[in-house]
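Participant: If you read the protein sequences in the order shown, they are chains S and R. Under our numbering, residues 1 to 225 are what the first sequence spells out, in order. Under our numbering, residues 1 to 225 are what the second sequence spells out, in order. Even glycine gets a Cβ: it sits at the ideal position worked out from N, Cα and C.
Number of protein chains: 2
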Amino acid sequence: MRDGQQRGAQAGEIAARLRDEIVSGAIEGGARLGQDALAERFGVSRMPVREALRLLEAQGLVDVPPNRSAIVARLSRDDLLDIFDMRASAEPLALGLALPHLTNAQIDRAAGIQRDIEAAPLDRFGDLNAEFHRTLHAPCGRPRLLAHIESLNALADRYLRLAIGTMDHQGPSDAEHRELLEACRARDEASARAVLTAHIVRARDTLAAAFENRTPQSGKPGKGT
Amino acid sequence: MRDGQQRGAQAGEIAARLRDEIVSGAIEGGARLGQDALAERFGVSRMPVREALRLLEAQGLVDVPPNRSAIVARLSRDDLLDIFDMRASAEPLALGLALPHLTNAQIDRAAGIQRDIEAAPLDRFGDLNAEFHRTLHAPCGRPRLLAHIESLNALADRYLRLAIGTMDHQGPSDAEHRELLEACRARDEASARAVLTAHIVRARDTLAAAFENRTPQSGKPGKGT
DNA sequence: TTTCGTAATGTTGGATACAATTTTATGATC
DNA sequence: GATCATAAAATTGTATCCAACATTACGAAA
Chain S
1 MRDGQQRGAQ
11 AGEIAARLRD
21 EIVSGAIEGG
31 ARLGQDALAE
41 RFGVSRMPVR
51 EALRLLEAQG
61 LVDVPPNRSA
71 IVARLSRDDL
81 LDIFDMRASA
91 EPLALGLALP
101 HLTNAQIDRA
111 AGIQRDIEAA
121 PLDRFGDLNA
131 EFHRTLHAPC
141 GRPRLLAHIE
151 SLNALADRYL
161 RLAIGTMDHQ
171 GPSDAEHREL
181 LEACRARDEA
191 SARAVLTAHI
201 VRARDTLAAA
211 FENRTPQSGK
221 PGKGT
Chain R
1 MRDGQQRGAQ
11 AGEIAARLRD
21 EIVSGAIEGG
31 ARLGQDALAE
41 RFGVSRMPVR
51 EALRLLEAQG
61 LVDVPPNRSA
71 IVARLSRDDL
81 LDIFDMRASA
91 EPLALGLALP
101 HLTNAQIDRA
111 AGIQRDIEAA
121 PLDRFGDLNA
131 EFHRTLHAPC
141 GRPRLLAHIE
151 SLNALADRYL
161 RLAIGTMDHQ
171 GPSDAEHREL
181 LEACRARDEA
191 SARAVLTAHI
201 VRARDTLAAA
211 FENRTPQSGK
221 PGKGT
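And the structure:
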């Protein structure tokens, strides 16, 4: 970690790596993130670690209570609904704004990503799926909205990984993605928004059901690394 | 500043005071926020100042480029549209979710706030208006959604203050608030959402028009304190 | 005069050191 | 054995110090 990066980038780098581990489930909800342990692990002082934790807090992935160790945000059914309803509200907005500026080349690119999704292993679904939607949303030209959606996707991925493979999510998702591409090709905003909303709402309900039947994760703290 | 606060609260306190000054326009967009100057002004070291700047950055009120001084986010028409379209998407969602849990007492409280709005001086409109909407949204029980809306309102207030008084915003706004209260009393979700959406979209368009005719703020840096 | 390169100044990022708070461990008392 | 008070250890918050980067000032050359 020490070398090979610009001066003000340590916090961002640490945040990115922690984010990956939290989203992937390598670090479970409720785990303690001690500043000292993290600093030693990444070979830096506690200062960039603190900034990284603040970044993750702003994104909603960790909770940083005053004078106490940071805690990885716990998963809950209410939180899942909170996140996915926000997605169902924000993403169709971005798509609708992007549609008039969307080029056929961009739609083709999204279609290519969808082919990758159907061919690639399941553990890459999260990243590819985000890339698919990002391609369709980007032309909206709204930096704040896009950042908001990215942030929500990171939160949503934690729930997705819990359920992926356990339920029949992939089949319907692929079909909906193709429907979405068709609506985009036709530049049919109402249809595209409706398909996307239904896509997210169905994912929400599928994941909520899967979340209830999950193998209960160890509720105890679990010393963090 | 030194006394009268808990140990881990300096950053939050500083952030709150800076936020007020930015939102109220006391510090203009583009102003430099030097860590040293802020630390001296608040009578603390640069460390809590840095955290405060990160908080404000996460909220989108300042830009913190690496190795350079923080800058108060500049206002722009595109940014205004970005913010208000997100509000028009998020707030009706919160209202719709809150409506089934909304009590008559809460609606009465909102009506009381609306009476205050119509009586109070214009410079209190921002706070009271936020309180009015907060009262109606709170029962939705979605912490992330509510925090998102609060954050957007702080951003929106900057544009509101630019235009307040210059255009006929107050009249329509009061009427729309009363319409909204009626729809809530009738527990008519579709109507309430429609009224709120129109309320925000009209505000967006009014403020966008006012923004074009604004007295051009000094585009130069302006040493910030 | 303009432009480019270099030095001086100012400002931020990170490391170390210390103070305050929380947490855990210990022991006394019921 | 359980509970509460007290003390030790661990952990965070803040201050101070140094190094790296950026900006500005200055001067030389075209």
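In whole angstroms, what is the alpha-carbon distance linking Ala110/R and Phe125/R?
Facilitator: So the two alpha carbons sit approximately 14 Å from each other.
Participant: Just the Cα atoms here: how many angstroms apart are Gly219/R and Leu207/R?
Facilitator: Since pLDDT at Gly219/R reaches only 42, below the 50 mark, its modelled position is unreliable, and the value read off the structure follows with that caveat. Between Gly219/R and Leu207/R, the C-alpha separation is close to 20 Å.
Participant: Which residues mark the beginning and the end of the beta strand (DSSP E) in which Ile235/R is found?
Facilitator: Outside the modelled stretch of chain R, which goes from 1 to 225, sits residue 235/R, for which no answer is possible.
Participant: Rounded C-beta distance between Ala52/R and Arg46/R? I'm assuming under 8 Å.
Facilitator: Not a contact, Cβ separation roughly 10 Å.
Participant: Excluding the 5 residues preceding and the 5 following Pro139/R in the sequence, name in chain order all residues of the same chain whose CB lies nearer than 7 Å to its CB.
Facilitator: Ala98, His101, Leu102, Gln106
Participant: Helix or strand or just coil, what does DSSP make of Asp127/S?
Facilitator: helix
Participant: Taking the alpha-carbon positions, what's the Ser64/R to Ala73/R distance?
Facilitator: Note on identity: in this sequence residue 64/R is Val, with Ser being the wrong assignment. Cα to Cα, the separation comes out at about 9 Å.
Participant: Relative to the alpha-carbon of Leu196/R, which residue among Ile14/R, Ala58/R, Arg134/R, Leu95/R has its alpha-carbon at the smallest distance?
Facilitator: Leu95/R
Participant: Which term fits Asn153/S, buried or exposed, when burial requires 16 or more other beta carbons within 10 angstroms of its beta carbon?
Facilitator: buried
Participant: Three or more beta-carbon pairs under 8 Å between the stretch 76-92 of chain R and the stretch 131-149 of chain S, yes or no?
Facilitator: yes
Participant: Establish whether the CB of Ser76/R and some CB of chain S are separated by less than 8 Å.
Facilitator: no
Participant: Apart from the five residues on each side of it in sequence, which residues of its chain come closer than 7 Å, Cβ to Cβ, to Ala130/R?
Facilitator: So the qualifying residues of the chain are Asn153.
Participant: Could you tell me which of Val44/S, Ala209/S, Pro143/S, Asp188/S sits nearest to His169/S, measuring between CA atoms?
Facilitator: Ala209/S
Participant: With a CB to CB cut of under 8 Å and the five nearest residues on each side skipped, what residues in its chain are close to Thr135/R?
Facilitator: Gln106, Arg109, Ala110, Ile113
Participant: Can you tell me whether Asp63/S is helix, strand or coil according to DSSP?
Facilitator: Asp63/S falls in the strand class under three-state DSSP.
Participant: Could you list which residues in chain R have their beta carbon closer than 9 Å to that of Glu51/S, in chain order?
Facilitator: Arg50, Glu51, Arg54
Participant: Looking at the secondary structure, which residues open and close the alpha helix (DSSP H) in which Gly96/R lies?
Facilitator: 77-98
Participant: Roughly how many angstroms lie between the CA atoms of Arg214/S and Pro121/R, to the nearest whole one?
Facilitator: Going from the Cα of Arg214/S to the Cα of Pro121/R covers about 54 Å.
Participant: Between Pro66/S and chain R, is the shortest Cβ-Cβ distance under 8 Å, so that the two count as touching?
Facilitator: yes
Participant: Which stretch, first to last residue, makes up the alpha helix (DSSP H) that contains Asp157/R?
Facilitator: 143-163
Participant: Using the beta-carbon count (16 or more within 10 Å), is Ala190/S buried or exposed?
Facilitator: Ala190/S comes out exposed.
Participant: Mapping DSSP to helix, strand and coil, what is Arg185/S?
Facilitator: helix
Participant: If distances are taken between C-alpha atoms only, which option among Leu80/R, Gly60/R, Asp188/R comes closest to Ala163/R?
Facilitator: Leu80/R
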